[in-house]
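Numbering (the working numbering), first residue to last: 37 to 226.
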C-alpha cells in the first residue's frame, strides 16, 4: 500500500474530499494539512488522508513498468456528432453536506461514556455544524441521527427551534429512511 504524503498534492490540483460530497482546488499545502477552495467558494482545511486527487493517472506509470504496452494509433480528426438535442435541467443538485451524528462516527472510543456524555457530544457537534453553515451561508445540510429511541432527534429538534432563520423537516425517506433531518437556512436578503 502506498503511503500518502503531502508531496502528492500541489497548489492548483483538483481534489475531492473522501466521505463527503465536496470538491475543490488546492490553495495551500502545509505539512499534512491541505487548504482547498471548494466549488462553492469556501476555504476548508483537511488532512492529507481525507483528500483524493481527481483524474490522477500518475500512479499508472509506477504500477505497470513492463514493456507489454503498445502504442495505439489514434485518429486525430474528431468524428462528427449527430445533432441530437441535449436536455439540461435548470435545477442543478449540488452536494448537500451530510453529517452523521452516530457516536461511533464522532469519537474513536466511546466505551465508558454514559448516555448523557454521548448525547452532549452529538448535540455539540450538530451545533458546530449549524453555526458553520450560518457563517458560510450554506443553504441546506442534513443530519443523520438514526431512529433508535428518538432521544437525539428530539434534542436536535429542540435545538433547531431556538434558531430564528432555520426551518427543518424529516429528510428524504427514500435516501435516509426515518433517521435523518434536513435543515434549511433562510438567507438574509439585503
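Beta carbons are placed, not taken as given, at the ideal position from N, Cα and C, and that holds for glycine.
The three-state reading of DSSP puts residue 201 in coil, since its state is none of H, G, I, E or B.
Within the segment 147–210, the runs of beta strand (DSSP E) that reach at least 3 residues and sit entirely inside it are, in chain order, 176–180, 202–206. By the Cβ test, the segment 207–216 is not in contact with the segment 162–171, since fewer than three Cβ pairs between them sit closer than 8 Å. Going by DSSP, residue 142 is part of the alpha helix (DSSP H) stretching over 139–142. Close CB contacts of residue 137 within its chain, under the 7 Å cut and outside five residues either way in sequence, are with 158, 161, 162, 179, 180, 181, 188 (chain order).
In this chain, the beta strand (DSSP E) harbouring residue 83 covers 79–83.
Sequence-distant Cβ neighbours of residue 59 in its own chain, meaning closer than 6 Å and more than five residues away, are 52, 75. Within a 10 Å sphere around the beta-carbon of residue 77 sit fewer than 16 other beta-carbons, which makes this residue exposed.
Taken atom to atom, the span from the alpha-carbon of residue 86 to that of residue 48 is near 17 Å. Annotated three-state conformation of residue 134 is strand, per DSSP.
Straight-line measurement puts the Cα of residue 190 at about 44 Å from the Cα of residue 44. Beyond the five residues adjoining it in sequence on each side, residue 139 comes within less than 6 Å, by CB distance, of 146, 154 in the same chain, given in chain order.
Between residue 46 and residue 61, the CB-CB gap reaches or exceeds 8 Å.
Selection 214, 201, 198, 204 evaluated against residue 184 yields 214 as nearest (Cα-Cα). In the displayed model, residue 58 falls within coil according to three-state DSSP, outside both helix and strand. Distances from the alpha-carbon of residue 69 to those of 218, 151, 84 put 84 closest.
Around residue 216, the same chain offers 178, 180, 207 as residues with beta carbons nearer than 6 Å, after the five sequence neighbours per side are excluded.
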